[in-house]
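Each residue of the sequence shown is one higher than the last, beginning at 1157 in the numbering used here. Contents: one structure, followed by commentary.
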Amino acid sequence: MKIVLLLFTMNVMCTFFSFSQNPVTLLQDDFETGTSNWTLGGSALTDAWVIDTNYQGLIMDFGFFQVPVFPNSPEQPVAYSGAPRSSYMHIQNPMLCTMMSYCNATYSSAGTFYSATAQPIDFTDYENVSVSFGFFSQGHIDSAYAYLEYSLDSITWNEVGNKLYNVSAWQDVTVSIPQLNGAAQGYFRFKWFNLGYSQANLGIGVDAFKVIATEVQTSFILNAAANKTGFCAGITSPVTANFESSGAFSNGNVFSLLISDASGSFTGAQTIGTLNSSANGNLSIAGTIPSSLPAGSNYLLKITSSSPTVETILSAPVTIHASPQVSASPNQTITLGESVTLTASGAATYSWSPTAGLNVATGSTVIATPNITTTYTVTGTDANQCSSSATVVVTVNSNLSVEDLTKQKIAVYPNPSVDYFILDIKDQQALSSIEVFTAEGKKFNGFSYKNGRLDISQSGVYFVRLVIDNQSTILKCIKE
């Protein structure tokens, strides 16, 4: 077990609200390399601090039986390097050790005895300072106990943590010392106090001493903001996060853009964009808002870096808006040449497609006069610029039976015809309009009509729409 003084480059984690970093070990001593890191107090004529491997207590041997006067020091846990009986720092009475050959953690001289770190530790660039160590100390609450102390100048000392006594087996302790955060120097020592008489129990033993802290943040992600904070559910949307990087970022560093869940939690956050860069200055990450995110108003965006580990949460929350519930008129059936009014609701603005047969292409109400059966799609957009669609089918019926013609008191002959058609209409004066359409439903202008005679210029199957007394009638005519 060797003492190691470590000053590491920190991986630093900062958030929009606070900083948190990984711990750095500034001093570690397992007491296997001697006493150079400690100033051991006491003397050969009194109690004294020592570092050795003495574990044996005092046992009186009466031949037929043995009586332990002072117990052995407890064996170390397996987690300690060199366990179960490696070097450790403990209190000892050198005179009793010389005269009676028991040299473990015993004491007899009244007084207070100290073992202090020999060199100061610089905490200027560190925070979250704490000390951890393993110890045993049977002792007594009033007459034999120990304390850990710290000092900023090696002159004024302050007790920290709990009084160490009544612990017969090794126990691990961690003590936070915020007073050392940012301090130019700091010292530590163990204080042993006793009233001057030996008891059938042990004094203090210490091992696995460690000083840890976290490095003060030196790299930052600043002024992070998204180019927009409102998006639509069910749609993959681009987003750009702009930010300023400052400090030392390593080659190979990756900035990542993450989005939280709908509650703002980053547990299981999704990475939606990355940027490979170690540069300082104004940077941008292009990201994509997933279409799978449900609607919510408490999403957050966060930018992180990989080396060192820094993060910042963008201050403005992100809203995923629900799509509007757009609905359209029920499906309609009309006769060729007729019109029908189509309506839509559930949004703020509307667009219709295809536009063939429509009087206008936008608005909540349109008039459709298709020549063939058509499926119209209306797309509605709300105030958040989120959209959804609905469809309506307008079926065009271009067939009319002989019975229908009879009821209308209309006759057409000859049909088929190689020349022209005679339209026998009971009241020619009631006829207000006549239109001709091809079999495909396209309007055909190559015809003439006068005094009941209909001339169609080209051969084919045609549908003739007559409006008589504001009633629409369709005739099927075949020109050979």
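Here a beta-carbon is modelled for each residue, glycine too, at the ideal position from N, C-alpha and C.
Are the beta-carbon atoms belonging to residue 1521 and residue 1497 less than 8 Å from one another? Counting from 1 along the sequence shown, the entry for residue 1521 is found at position 365. Counting from 1 along the sequence shown, the entry for residue 1497 is found at position 341. Contact flag set, yes.
Could you have a look at residue 1209 and say whether DSSP puts it in helix, strand or coil? The sequence position of residue 1209 within the sequence shown is 53, counting from 1. In the structure shown, residue 1209 sits in coil (DSSP, three-state: anything other than H, G, I, E or B).
Using CA coordinates, which residue listed in 1391, 1288 and 1625 is at the minimum distance from residue 1363? Within the sequence shown, numbered from 1, the residue matching residue 1363 stands at position 207. Residue 1363 has its Cα closest to that of 1288, out of 1391, 1288 and 1625.
So, for residue 1196: in the same chain, excluding its five sequence neighbours on each side, which residues have a beta-carbon less than 6 Å away from its beta-carbon? Here residue 1196 corresponds to residue number 40 of the sequence shown, with the count starting at 1. Same-chain partners within the cutoff: 1205 and 1271.
Three-state secondary structure assigned by DSSP to residue 1586: As a position in the sequence shown, residue 1586 is number 430, starting the count at 1. Residue 1586 falls in the helix class under three-state DSSP.
Range covered by the alpha helix (DSSP H) that runs through residue 1179: Working through the sequence shown from its first residue, we reach residue 1179 at position 23. Residue 1179 -> not in any alpha helix (DSSP H); beta strand (DSSP E) instead, spanning 1179-1185.
How would you label residue 1569, buried or exposed, when you count the other beta carbons within 10 angstroms and need 16 or more for buried? Reading the sequence shown from its first residue, position 413 is the one you call residue 1569. Per the 10 Å Cβ criterion, exposed.
Is there contact here, the stretch 1336-1344 with the stretch 1276-1290, by at least three beta-carbon pairs under 8 Å? yes
How many Å lie between residue 1446 and residue 1282 at the Cα? Here residue 1446 corresponds to residue number 290 of the sequence shown, with the count starting at 1. Here residue 1282 corresponds to residue number 126 of the sequence shown, with the count starting at 1. One C-alpha to the other measures close to 40 Å.
Using alpha carbons as the reference points, say which of 1432, 1395 and 1372 lies closest to residue 1383. Locating residue 1383 in the sequence shown gives position 227, counting from the first residue. For residue 1383, the nearest C-alpha among the options comes from 1395.
Measuring straight from C-alpha to C-alpha, what distance separates residue 1577 and residue 1606? Working through the sequence shown from its first residue, we reach residue 1577 at position 421. Working through the sequence shown from its first residue, we reach residue 1606 at position 450. Looking at the two C-alpha atoms, the distance is approximately 11 Å.
Can you tell me the Cα-Cα spacing of residue 1409 and residue 1335, whole angstroms? Numbered from its first residue, the sequence shown carries residue 1409 at position 253. Numbered from its first residue, the sequence shown carries residue 1335 at position 179. So the two alpha carbons sit approximately 34 Å from each other.
Sort out for me which residues DSSP pairs residue 1627 with in a bridge. On the sequence shown, residue 1627 is found 471 positions in, with the first residue counted as 1. In DSSP, residue 1627 forms a bridge with 1624.
For residue 1547, which residues from the same chain have a beta carbon less than 6 Å from its beta carbon, with the 5 sequence-adjacent residues on both sides left out? Counting from 1 along the sequence shown, the entry for residue 1547 is found at position 391. Cβ neighbours of residue 1547 beyond the five flanking positions: 1531 and 1533.
Between the alpha carbons of residue 1472 and residue 1386, how many angstroms are there, rounded? Along the sequence shown, one-based indexing puts residue 1472 at 316. Along the sequence shown, one-based indexing puts residue 1386 at 230. Near 10 Å, if we compare the C-alpha coordinates of residue 1386 and residue 1472.
C-alpha distance - residue 1313 paired with residue 1198, whole-angstrom precision: Here residue 1313 refers to the residue found at position 157 when the sequence shown is read from its first residue. Here residue 1198 refers to the residue found at position 42 when the sequence shown is read from its first residue. Between residue 1313 and residue 1198, the C-alpha separation is close to 18 Å.
So, under 8 Å CB-CB, residue 1243 and residue 1297 are touching, yes? Tell me the CB distance rounded to an integer number of Å. Sequence index remark: in the sequence shown, residue 1243 carries index 87 (1-based). Sequence index remark: in the sequence shown, residue 1297 carries index 141 (1-based). In fact, because the Cβ distance is near 29 Å, the residues do not count as touching under 8 Å.
Residue 1254 lies in the beta strand (DSSP E); which residues open and close that run? Reading the sequence shown from its first residue, position 98 is the one you call residue 1254. It is not in any beta strand (DSSP E) - residue 1254 instead sits in the alpha helix (DSSP H) that spans 1250-1256.
Using 8 Å as the cut-off, can you tell me whether the stretch 1453-1467 makes contact with the stretch 1387-1406, which would need three or more C-beta pairs spanning the two stretches below that distance? yes
Own chain residues within Cβ distance below 6 Å of residue 1623, not counting five before or after: Taking the sequence shown and counting its residues from 1, one reaches residue 1623 at position 467. Same-chain partners within the cutoff: 1588 and 1589.
Any chance the stretch 1230-1244 sits against the stretch 1186-1194, with 3 or more Cβ pairs inside 8 Å? yes
Under three-state DSSP, which class holds residue 1614? Mapped onto the sequence shown, residue 1614 falls at position 458. Looking at residue 1614 - three-state DSSP - the assignment turns out to be coil, as it is neither helix nor strand.
Using a Cβ-Cβ cutoff of less than 7 Å, which residues in the same chain neighbour residue 1325 once the five nearest sequence positions on both sides are dropped? Stepping through the sequence shown from its first residue, residue 1325 is reached at position 169. For residue 1325, where only same-chain residues beyond five positions count, the Cβ hits under 7 Å are 1230 and 1292.
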